[in-house]
Amino acid sequence: MTSQAQVRTGKGEGETVGVALLGFGTVGAEVYRLLGENSEAFTHRIGGPAEIRGIAVHNKNKQRPGVPAELLTDDAKSLVLRDDIDLVVEVIGGIDYPRELVLTALNAGKSVVTANKALVAAHADELAEAAENSAVDLYFEAAVAAAIPVVGMLRRSLAGDQIQRISGIVNGTTNFILDAMESTGASYEDALAEATRLGYAEADPTADVEGHDAASKAAIMASLGFHTRVKFEDVHCEGISTITADDIEAAQEAGYSIKLLAICEHLVNEETGEESVNARVHPTLVPQEHPLASVNKSFNAIFVEAEAAGELMFYGNGAGGNPTASAVLGDLVGASRNIIHGGRAPGENAYANLPLADFGDVRTCFHINMEVADRTGVLAAISNVFADHDVSLRTVRQEDGESTARLIVVTHSAQERVLDAIVTKLGELDDVKAVNSVIRLGA
Ligand code: HSE
Numbered sequence: 008m009t010s011q012a013q014v015r016t017g018k019g020e021g022e023t024v025g026v027a028l029l030g031f032g033t034v035g036a037e038v039y040r041l042l043g044e045n046s047e048a049f050t051h052r053i054g055g056p057a058e059i060r061g062i063a064v065h066n067k068n069k070q071r072p073g074v075p076a077e078l079l080t081d082d083a084k085s086l087v088l089r090d091d092i093d094l095v096v097e098v099i100g101g102i103d104y105p106r107e108l109v110l111t112a113l114n115a116g117k118s119v120v121t122a123n124k125a126l127v128a129a130h131a132d133e134l135a136e137a138a139e140n141s142a143v144d145l146y147f148e149a150a151v152a153a154a155i156p157v158v159g160m161l162r163r164s165l166a167g168d169q170i171q172r173i174s175g176i177v178n179g180t181t182n183f184i185l186d187a188m189e190s191t192g193a194s195y196e197d198a199l200a201e202a203t204r205l206g207y208a209e210a211d212p213t214a215d216v217e218g219h220d221a222a223s224k225a226a227i228m229a230s231l232g233f234h235t236r237v238k239f240e241d242v243h244c245e246g247i248s249t250i251t252a253d254d255i256e257a258a259q260e261a262g263y264s265i266k267l268l269a270i271c272e273h274l275v276n277e278e279t280g281e282e283s284v285n286a287r288v289h290p291t292l293v294p295q296e297h298p299l300a301s302v303n304k305s306f307n308a309i310f311v312e313a314e315a316a317g318e319l320m321f322y323g324n325g326a327g328g329n330p331t332a333s334a335v336l337g338d339l340v341g342a343s344r345n346i347i348h349g350g351r352a353p354g355e356n357a358y359a360n361l362p363l364a365d366f367g368d369v370r371t372c373f374h375i376n377m378e379v380a381d382r383t384g385v386l387a388a389i390s391n392v393f394a395d396h397d398v399s400l401r402t403v404r405q406e407d408g409e410s411t412a413r414l415i416v417v418t419h420s421a422q423e424r425v426l427d428a429i430v431t432k433l434g435e436l437d438d439v440k441a442v443n444s445v446i447r448l449g450a
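Numbering (this note's numbering), first residue to last: 8 to 450.
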């Protein structure tokens, strides 16, 4: 449907796009530097110059060599509302304050480029509605895996396809930690300390290691991929802080790498044909021959399965000042072109409005690592628990310890709720000393 409000005319070829930069941290400073250094190229790519006319910062008296003092302001809202500002670039971070500024900009008819995954994952619906009402653009490529073109790929490149599944390593800090544990045998604590020392992990690493950062990205990918609104709180989220060196070793012995995956699935009930979507983040056993298993260090990769395109993988640096600035500037070019020439980029479209699957109904294969009494009949008792719940076993591996044995069971596909019931039952058996870990298979 087209309404009068959605028709957008351009300023005209050669006109200048006035840009407000909100935030001057690592990303903001790189955006400013790269836009200044390559201004002629940007003018050609856009169809007119893009000029940063103001920079909103917390403390405008702080020394910022190379930045004219008259550009700096601590009044972001007034900057956003200035008549000479056409485009607002938000690289502040957080949720409430940038939400207010971004909504102010959109409602005032200014296009917005944001790198803010938490903001988009929590408030995409109201931001998209504000952009729609004002007939302006809302771009957020940098919100998922920096310069890896995930958002553009889902919004534009695969807009003609049906996406079935997206599985991604979208958090570099946790991938670094898991890779260090796998390649050196380090404990989780030692690998986290190394990630902190090298500057990958924040002083408070909770958002990364508990999967919250990846869950924001999963919500964005699922929303775009399945044309259905999926919010941060809709994403089932488990982090890596409970993964032990023993889990890593057991996985390696069985031919897997443990990765923190963001998995977004379009599900179709085989009996009823009902469709639903699911988005989740959890440690996952990835077969060593799968391309995601070889994504090491702090790299990110997104593996997409689509009906017509088949399997695609996108790989690279998912964080850092330069890669994030690259994504922001790509969006700046797209938004500025539309300001000059008129028209709008493909926006949010949640037309499919599919229901969210109940997490208990989601089916996965499981790798269960137990410590059991080393005596006759134990294996039979354990396999009966699985048989009683109609779950078949794919492999069973036993290693003798001193007084107990380590038993590792890999199941065929089972529902989450059934597996929960099995784990409860296993815990009640006298001969099961501990269920050390339950890790899903995937990718
Ligand atoms: N902290 C994130 C990571 C980058 O480690 O990948 C920002 O989303």
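Using N, Cα and C, we set each Cβ at its ideal position, and we do this for glycine too.
Straight-line Cα distance separating residue j from residue i
| i | j | result |
| --- | --- | --- |
| residue 411 | residue 262 | 24 Å |
| residue 213 | residue 221 | 12 Å |
| residue 182 | residue 305 | 5 Å |
| residue 160 | residue 228 | 10 Å |
| residue 209 | residue 307 | 18 Å |
| residue 194 | residue 256 | 11 Å |
| residue 368 | residue 242 | 14 Å |
| residue 142 | residue 416 | 55 Å |
| residue 413 | residue 395 | 22 Å |
| residue 126 | residue 99 | 11 Å |
| residue 450 | residue 292 | 8 Å |
| residue 329 | residue 17 | 30 Å |
| residue 216 | residue 245 | 9 Å |
| residue 41 | residue 22 | 20 Å |
| residue 185 | residue 90 | 49 Å |
| residue 354 | residue 274 | 24 Å |
| residue 455 | residue 364 | Not covered by the structure: residue 455. The range shown for the chain is 8 to 450. |
| residue 177 | residue 322 | 10 Å |
| residue 436 | residue 129 | 43 Å |
| residue 38 | residue 347 | 20 Å |
| residue 442 | residue 136 | 47 Å |
| residue 163 | residue 378 | 50 Å |
| residue 148 | residue 402 | 42 Å |
| residue 336 | residue 288 | 29 Å |
| residue 225 | residue 170 | 14 Å |
| residue 7 | residue 234 | Since the first residue of the chain shown is 8 and the last is 450, residue 7 is not available in this structure. |
| residue 272 | residue 112 | 34 Å |
| residue 249 | residue 20 | 56 Å |
| residue 342 | residue 422 | 44 Å |
| residue 302 | residue 173 | 16 Å |
| residue 10 | residue 357 | Legend: pLDDT at residue 10 = 45, less than 50; position of this residue unreliable, value from coordinates given subsequently. So the two alpha carbons sit approximately 18 Å from each other. |
| residue 26 | residue 95 | 6 Å |
| residue 375 | residue 207 | 30 Å |
| residue 320 | residue 295 | 16 Å |
| residue 240 | residue 407 | 42 Å |
| residue 370 | residue 276 | 11 Å |
Anticipated Cβ contact below 8 Å, residue i with residue j, distance rounded
| i | j | result |
| --- | --- | --- |
| residue 398 | residue 446 | About 16 Å separates the two Cβ atoms, so there is no contact after all. |
| residue 333 | residue 154 | 4 Å |
| residue 344 | residue 92 | Actually they are not in contact, since the Cβ atoms of residue 344 and residue 92 sit about 17 Å apart, beyond 8 Å. |
| residue 179 | residue 326 | 5 Å |
| residue 392 | residue 433 | 6 Å |
| residue 175 | residue 389 | Wrong, their Cβ atoms sit about 34 Å apart, outside the cutoff. |
Opposing strand residues paired with residue i [DSSP bridges]
| i | result |
| --- | --- |
| residue 444 | 376 |
| residue 290 | 267 |
| residue 201 | Answer is none; residue 201 lacks a bridge partner. |
| residue 272 | 172, 285 |
| residue 97 | 29, 121 |
| residue 146 | 120 |
| residue 418 | 400 |
| residue 313 | 170, 317 |
| residue 405 | 414 |
| residue 243 | 287 |
| residue 323 | 307 |
| residue 106 | According to DSSP, residue 106 bridges with nothing at all. |
| residue 371 | 421 |
| residue 61 | 27 |
| residue 439 | 379 |
| residue 80 | 63 |
| residue 363 | 284 |
Proximity test, Cβ basis, 9 Å: residue i and chain B
| i | result |
| --- | --- |
| residue 64 | The structure shown has no chain B; it contains just one protein chain. |
Counting pairs of Cβ atoms below 8 Å between the region 48–65 and the region 75–92, do you hit three or more? Yes, the region 48–65 touches the region 75–92.
- Query: Are the region 196–211 and the region 99–115 touching by the rule of at least three beta carbon pairs closer than 8 Å?
  - Reply: no
Do the region 114–123 and the region 309–316 make contact, defined as three or more Cβ pairs closer than 8 Å?
-> no
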